[in-house]
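Encoded as structure tokens, the structure appears first; notes follow it.
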Amino acid sequence: MEDLLFIGKSIPRKDGVEKATGRALYTVDMVLPGMLWGKILRSPYPHARILNIDTSRAEKLHGVKAVITGNETLGIKHGFVETPRYPPDQYPLAMDRVRYIGEEVAAVAAVDEYVAEEALNLIQVDYEELPAVFDAEEAMKPGAPEIHPSHPKVKEHYKNIGGKTESGWGNVERGFADSYLIREDRFEGQLRTHCYMEPQATLASFDFSGKLNVWTSSQGPFIKRAKLAATLGLPQSNVRVLKAYVGGAYGGKIDLFAHEFCASLLSIKTQKPVKIVCSRDEVFESARHGQPILVELKTGVKKDGTLLAQQVKVINNSGGYRGSGVVVIFLCWGFVMLCYRIPNLKYDGYSVYTNNPVRAPQRGHGAPNLRFAVESQMDMIAEELGIDPVEIRLKNARQPGDILPNEDSVRNCGLIECIERAAETTQFKEKYGRKESSKEHRFRRGIGMGVSSYFSGSLIYPNASAALVKLNDDGTVSLLTGALDIGQGAETILSQIVAEELGVSMDDIRVVAADTETTPIDIGVWISGGAYVTGNAVKLAASDARRQLFEAAAQELEASPEELIAKNREIFVKDSPGRSISFTQAVTASIAKRRGNPIIGQGHFRTMKDVPAHPSLATTKGRWSDNYAFDAQVAEVEVDMETGQVKLLKATTAHDCGFPINPLIVEGQIDGQVSMAQGHALWEEVLMEKGKTISTSFLDYKIPCAKDMVESHYIDVITEKYEKDIPYRTKEVGEGYVSGMVAAIANAVYDATGVRVKTLPIHPEKILMGLKEKKHRGK
Amino acid sequence: MRIPKFEYVRPLTVEEACSLLYKYKTDAKILAGGTDLFVKMKKKKILPKAVISLNGIKRLDRIEWDERENVGMGPLVTHDGLVRHPTMRKKFDFLCEACLKIGTRQVRNMGTLAGNLCNASPSSDASAPLLVLEAKLKLVHLYGERIVPLEDFFVGPFQTVLHPEEIVAEIRIPKLPPHTAGSYQYVHKASSVGETLVGVAVLLTVNPEDATCQEARIGLSSVAPTPIRAKAAERTLKGRRMDAKIIEEAAQVVSDEIQPRSRPWYRREMARVLVERAIFQAMEKIG
Amino acid sequence: MKKQLIDLRINGDSCEVAVEPQRTLLEVLREDLGLTGAKEACGTGECGACTVLADGKPILSCLTLAIEAQGKEITTIEGLSKAGELHPLQKAFIQQGAIQCGYCTSGMILNAKSILDENPKPSREEILKGLEGNLCRCTGYNKILEAVMAASTGKD
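Residue numbers (the numbering used here), protein chains in the order written: chain A, 31 to 809; chain B, 6 to 292; chain C, 5 to 160.
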């Protein structure tokens, strides 16, 4: 790329000092004068009618300032998805029915948490238990208890269908008829959870002017504002959601949560600030977990491994309400068709209600489970055909310029290069297939590959990002953006863009972020569009500011704006460095001579400019994204054949991210996703029993610790570039690298042991049992 | 998560502590490191009216040898304190290895060995090594004291014979005979940190001349309601000449002996594998 | 419950606070003394986000009574930088990209400090074992290890 000073450089993060010195304030750290503490009463039953709630004893307890139930709300529902086809289906506080253990039924605000808790114990709720169902396939059967009526537009006579995605092209019957080999397999992805270190927390403060101020641990303030305003019956301009540092989210803090609503309503009732902090066991029991997904995959191939037909059935267990279930079944379709050319496809995805806590997106949002299925089966097919795993992937991989069945283009898709370079760097072909060697050895090593793809930004409320770049009169810059830094480095990379466009240093930029009142709209940091959508909005704002600056400077320097360069807060005439003025002088001149213009640059950006909205979740019809990221990942494992314990030795990620805006940050994202993939593939599982969460602490639910650190290698496949004055197409790096690695680990375990595990996680006993069965079959 | 409210008392002597326990009876709990006590209280599993801290009493963190070379550890000896003690590391290396596996660095700085034993988790890493070392506990109360072998101390998951009015005053480990060595082997439940799925401690005394086993002790944690000794397997080894075949046999006896309630197949397999590994490692140390 | 007047030594300063006995050191630091660097991620001793140093040793402040922290020199993350100058570990964490959401950072840096104070040149395994009690969900620990190694060798 042309000589760039900031883009593509490993610049340390802007908020590093605040975080390293303990000064960064997260929602849990915030206090306001007169603040009350709130707590939530939750349903102990998975399915029940609420007959009566008596809060009188709680209200009388000394120190209690307010008690609310569904009756104190406006009874307005909300949902992750709110469309005519999928209207909102959940009350912020249950009205007449509860549908999962942990569903919010009442809330109190009191002088401290001890009193609040005592008050909860004094609330009397009379329930009438109803029959409950927990397994998705059971819930679909005709005799299952009805949690919600099935979606009216779903033709099949299944019960408890929250939504369906149906898609396809070509003729799968003919495709299978022409196939040399057909495989049918079933894969199960387990229930996992996010384990963000900062628990769910909200501080709400309703002031006398009628304004609700909210700090909450989230993934973007605009969607929170919209849903709070709607459910509270307040105009959006009366709800201000402000920036707080966020201690991790990974998809678990996106839409409206009951505690946010309750803190707000309690503050409105008490006219005092109310803070609710969920304890860790509360988070494990009742905050949203990641979707568990069942995949039934039938694939037909030619003798040389070319894909001919795929038939996919996906079942998502969405919990007691629709949540994001109808989104994940749409996304799983995408994750089937993005990586490989599939001439004939039939896809059916079902989101099923069960009496479990509502599920949420978790980093990859369906891709980890889906790619685990597809990539495992690809390896199985390759083995049956006698082709190696790299060859079969190269044969089927999307090529640059491919037009997807929904008419999106994959543009500069770097998938082939990712596969080739990953294989070469890891010496894949030399290492693969050693499972039959040295049978007596206690440790066996294996290598496996997984490829995946992820979209970078898609249309979802508020459907665009905008930014403002203000010059201060000393030439320093304020960047106003609605983007929220949840650890992914948003403020840093956006500052790099401003620095590059304006020729200022990183220290010259102050970021004002994520405040619905003062910063422009932003799509949020959960739709993989931070770098692409918000980044381009900021780029446009910065270049707009530069244009205005140059117009003012050109006048002073008696040159044309095209001849000017900005560097170190100075504006030079190209090839005539003696002719220059400072930013300060340019700003002063602009105010004096251009009708008081202090120089404020404005930019906005939207994906899919010629398309009104997101594609249909139900039919997949419509353009989805104009920017797709691709990757090929390789895992190298070592298995103790006596205990079945798997160690992930090395992870290699070859990724087409367009170009990295900040390689240090990109590497950090890759490392974090490799770690999550390790947990997903090998250990993590939320255990539930009849709707009750059994894994309620980090002791029960093990996430990787320092001793589990994996050696991580990165291969950047560059397919895009950064140029001044035009939008760029860098791709997402925050979600797509979990899925390929989960698949790679599963394939590596098979390579090491000859045991194929189709249900995650790969517990050691699954391997030992598999080895035992192999031995028996061998005899 | 907040700790429920309680009265706090901080005696200056063990006698005073016993007297307070006598006063509060079952309404009080002893505070040593706090890593188990406060977690249980935060989860509302126990709600004592009073918490009696031992941390104001001097010299409870001592590790001392008597004239017969038995070692006594005070109730406030932390896992970290034990692991750092050069003589303990030399004489009881496998106990120290087990203690290094407990919790995390921070937990080891705070948690005490005595507290760990009183908590009586079936999966406690320190228990199996202490069982095979035939540790004894000195329990004191206001009107007297008693010595209880560790093997008799555990009666069920998180249950011991400790009377509500008793305090563990000392953990004693008898002197080891010559040509004796121990080993601790384990597998985790998941990842590299956290609860032990199966823990095995082995203590062997082997005659160097003819490789016969004079004494074999096998302890296991996390395979039964309490940490246990695998007595049948021990009998298989005692007096026998140690070779690969007898070791394999003993390991199989352990595997058949135990009745784990959760993940039984895998736990039995792991017990077998780990007992073999532990015996082999102990043999190597004896030389 | 009656409050007791206690004397804590935090970052070299004496602090007198009136506390009920069940108040933990973590709560007092965060709610009474405004030192919010130490965090609660679990409250039950598994995550290490509440780690502070007591006489140089890393402990869990969420399971330590404030009353019992008396008589010890407590170091929190706020006490690490001196006269506006960041501690080498803080600098290394920033330079090496070892901070993402930052929630685990305070506890992680303090624990790392105690490792380096005891052994200025630890091996990679010693560092990773020492940090096993500080959970991080963002970084995978790779750059955290690089940061501690960098601080130990004096390179940034």
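No residue lacks a Cβ here, since even glycine has one placed at the ideal position from N, Cα and C.
Coil, strand or helix - residue i by DSSP
i	result
residue 648 (chain A)	coil
residue 249 (chain A)	coil
residue 160 (chain C)	Note on residue 160 (chain C): pLDDT 46, under 50, position unreliable in the model; the coordinate value appears next. Coil, per DSSP.
residue 338 (chain A)	strand
residue 496 (chain A)	strand
residue 292 (chain A)	helix
residue 146 (chain B)	strand
residue 27 (chain B)	helix
residue 97 (chain C)	helix
residue 285 (chain A)	coil
residue 171 (chain B)	coil
residue 231 (chain B)	coil
residue 17 (chain C)	strand
residue 810 (chain A)	Residue 810 (chain A) is absent from the model: chain A starts at 31 and stops at 809.
residue 505 (chain A)	coil
Inter-residue CB distance, residue i and residue j (contact presumed, cutoff 8 angstroms)
i	j	result
residue 278 (chain A)	residue 516 (chain A)	7 angstroms
residue 596 (chain A)	residue 576 (chain A)	6 angstroms
residue 661 (chain A)	residue 684 (chain A)	6 angstroms
residue 41 (chain C)	residue 89 (chain C)	That belief does not hold up - the Cβ atoms of residue 41 (chain C) and residue 89 (chain C) are roughly 17 angstroms apart, past 8 angstroms.
residue 221 (chain B)	residue 242 (chain B)	4 angstroms
residue 92 (chain C)	residue 53 (chain C)	Actually they do not touch by this definition, with Cβ atoms about 22 angstroms apart.
residue 511 (chain A)	residue 541 (chain A)	7 angstroms
residue 116 (chain C)	residue 135 (chain C)	7 angstroms
residue 53 (chain B)	residue 34 (chain B)	4 angstroms
residue 286 (chain A)	residue 254 (chain A)	7 angstroms
residue 309 (chain A)	residue 46 (chain B)	Residue 309 (chain A) to residue 46 (chain B), Cβ: 14 angstroms. No contact.
residue 194 (chain A)	residue 379 (chain A)	7 angstroms
residue 518 (chain A)	residue 392 (chain A)	Residue 518 (chain A) to residue 392 (chain A), Cβ: 15 angstroms. No contact.
residue 753 (chain A)	residue 486 (chain A)	So it is not a contact: roughly 18 angstroms between Cβ atoms.
residue 59 (chain B)	residue 36 (chain B)	7 angstroms
residue 275 (chain A)	residue 56 (chain A)	5 angstroms
residue 138 (chain B)	residue 178 (chain B)	5 angstroms
residue 346 (chain A)	residue 358 (chain A)	5 angstroms
For residue i, the residue or residues it bridges with in DSSP
i	result
residue 82 (chain A)	A:156
residue 141 (chain B)	B:154, B:177
residue 199 (chain A)	A:375
residue 132 (chain B)	Per DSSP, none; premise fails for residue 132 (chain B).
residue 746 (chain A)	A:685
Beta strand (DSSP E) segment containing residue i, residue limits
i	result
residue 676 (chain A)	676-688
residue 62 (chain C)	61-64
residue 62 (chain B)	Segment: none, residue 62 (chain B) is in no beta strand (DSSP E) and carries neither H nor E.
residue 190 (chain B)	185-193
residue 11 (chain B)	Residue 11 (chain B) -> no beta strand (DSSP E), and no H or E assigned at all.
residue 376 (chain A)	374-383
residue 607 (chain A)	606-612
residue 218 (chain B)	218-226
N-terminal and C-terminal residue of the alpha helix (DSSP H) that residue i is part of
i	result
residue 123 (chain B)	118-124
residue 424 (chain A)	419-426
residue 710 (chain A)	693-712
residue 806 (chain A)	794-808
Contact set between residue i and chain F, taken where Cβ atoms lie within less than 7 angstroms
i	result
residue 85 (chain C)	Annotation note: the requested chain F is absent from the structure, which comprises protein chains A, B and C.
beta-carbon residue i near the ligand NAD non-hydrogen atom, thresh 6 angstroms
i	result
residue 37 (chain C)	With respect to the ligand NAD, the structure offers nothing, as it holds no ligand at all.
Subject >> Complete runs of the alpha helix (DSSP H) confined to the segment 442-488 of chain A [at least 4 residues] >> reply: 445-455, 458-461
**OP:** Scan the segment 77-122 of chain C and note each continuous beta strand (DSSP E) run of 3 residues or more that stays entirely inside, going in chain order.
**Re:** 77-79
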